[in-house]
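J.: Before anything else, here's the structure in question.
Residue numbers (the working numbering): 41 to 223.
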C-alpha cells in the first residue's frame with residue numbers, strides 16, 4: 041500500500057469517526073432533554089451535564105483535529121435542523137465552542153501527557169472560545185440574548201458536566217486503548 045492510499049484511508053476513517061460522533065452528539069443530549077421533560081426541569085440537565093461535549097472531545101482525542109473540529113462545528117447545526125435545539129443564536133455559539141473542543145483535543149491527541157490533563161486543557165480552551173464567541177456576538181453583532189455578563193454564569197452552570205468529563209473521558213480512553221492492546 042502506498043502513502044497516498046494510507047492517507048485516503050486515514051481521511052475516510054476520520055470522516056467516519058466524525059459522522060458517528062455527530063450522531064452521538066445529537067442523540068446523547070436528547071436523553072438529557074427527555075430526563076428534563078419527565079422531571080419538569082426542562083433543558084437544565086443538558087445545560088448542566090454538557091452531553092454534546094463528550095463525543096466531540098473523544099473524537100478529537102481518537103481521530104484528530106479534523107474529526108474533532110468538524111464534529112464540534114456540525115453537531116449543533118445538525119441537532120438544530122433535526123430537533124430545533126439549540127436555538128439559532130445558541131447554535132452558533134455552541135458550534136464555535138464545540139469546534140474549539142474538538143480542535144484542541146485533536147491537537148493534544150498525540151502529546152504525551154495524562155488524558156486528564158488533556159481534558160482540562162481542552163475544556164479551558166473550549167470555554168475560552170465560547171467566551172470569545174459571546175463577546176463577538178455581543179459587541180460585533182449587537183446580539184443581546186447573551187451578554188458579557190452571561191459568560192461566568194454559563195461557565196459555572198456547566199461545572200458538573202466538566203467534572204463528569206474528568207472522570208468519564210480518561211476512563212473511556214483507558215478502556216479503549218487497553219482493549220486495543222489486548223488484541
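Glycine is no exception: its CB is placed at the ideal position from the N, C-alpha and C atoms.
Can you tell me whether residue 151 is helix, strand or coil according to DSSP?
T.: Position 111 of the chain shown, counted from the first residue, corresponds to residue 151. Residue 151 falls in the coil class under three-state DSSP.
J.: Taking buried to mean at least 16 other C-beta atoms within 10 Å of its own C-beta, is residue 54 buried or exposed?
T.: Here residue 54 refers to the residue found at position 14 when the chain shown is read from its first residue. When all chains shown are included, residue 54 counts as buried.
J.: Helix, strand or coil for residue 58? Go by DSSP, reduced to three states.
T.: Translated into the one-based positions of the chain shown, residue 58 becomes position 18. Reduced to three states, the DSSP call for residue 58 is helix.
J.: Mind reading off the beta-carbon distance from residue 93 to residue 170? Whole number of angstroms is fine, and I expect it under 8 angstroms.
T.: Translated into positions along the chain shown, residue 93 becomes position 53. Translated into positions along the chain shown, residue 170 becomes position 130. Between residue 170 and residue 93 the Cβ distance is about 11 angstroms, and since that is not below 8 angstroms, they are no contact.
J.: Keeping to the same chain, check which residues put their C-beta closer than 7 angstroms to that of residue 64; ignore five residues upstream and five downstream.
T.: For the purposes of this step, residue 64 is identified with residue 24 of the chain shown, where counting begins at 1. Excluding positions up to five away in sequence, the list reads 95.
J.: Using three-state DSSP, classify residue 81 as helix, strand or coil.
T.: Here residue 81 is taken as the residue at index 41 of the chain shown, counted from 1. Three-state result, residue 81: coil.
J.: Please classify residue 52 as buried or exposed, where buried requires at least 16 neighbouring CB atoms within 10 angstroms.
T.: On the chain shown, position 12 is the one that residue 52 refers to. Exposed, because fewer than 16 other Cβ atoms sit within 10 Å of the Cβ of residue 52.
J.: At the level of alpha carbons, what is the spacing between residue 219 and residue 75?
T.: Within the chain shown, the letter at position 179 stands for residue 219. Within the chain shown, the letter at position 35 stands for residue 75. Roughly 32 angstroms between the two C-alpha positions.
J.: Tell me, to the nearest whole angstrom, how far the beta carbon of residue 133 is from that of residue 174; I am working on the premise that it is less than 8 angstroms.
T.: For the purposes of this step, residue 133 is taken as the residue at position 93 of the chain shown. For the purposes of this step, residue 174 is taken as the residue at position 134 of the chain shown. Yes, they are in contact, since the Cβ atoms of residue 133 and residue 174 sit about 6 angstroms apart, within 8 angstroms.
J.: Ends of the alpha helix (DSSP H) at residue 208?
T.: As a working mapping, residue 208 is identified with position 168 in the chain shown. Segment 199-221, the alpha helix (DSSP H) holding residue 208.
J.: With 16 other CB atoms within 10 Å as the buried threshold, where does residue 203 fall?
T.: For the purposes of this step, residue 203 is taken as residue 163 along the chain shown, with counting starting at 1. Exposed: under 16 other Cβ atoms inside 10 Å.
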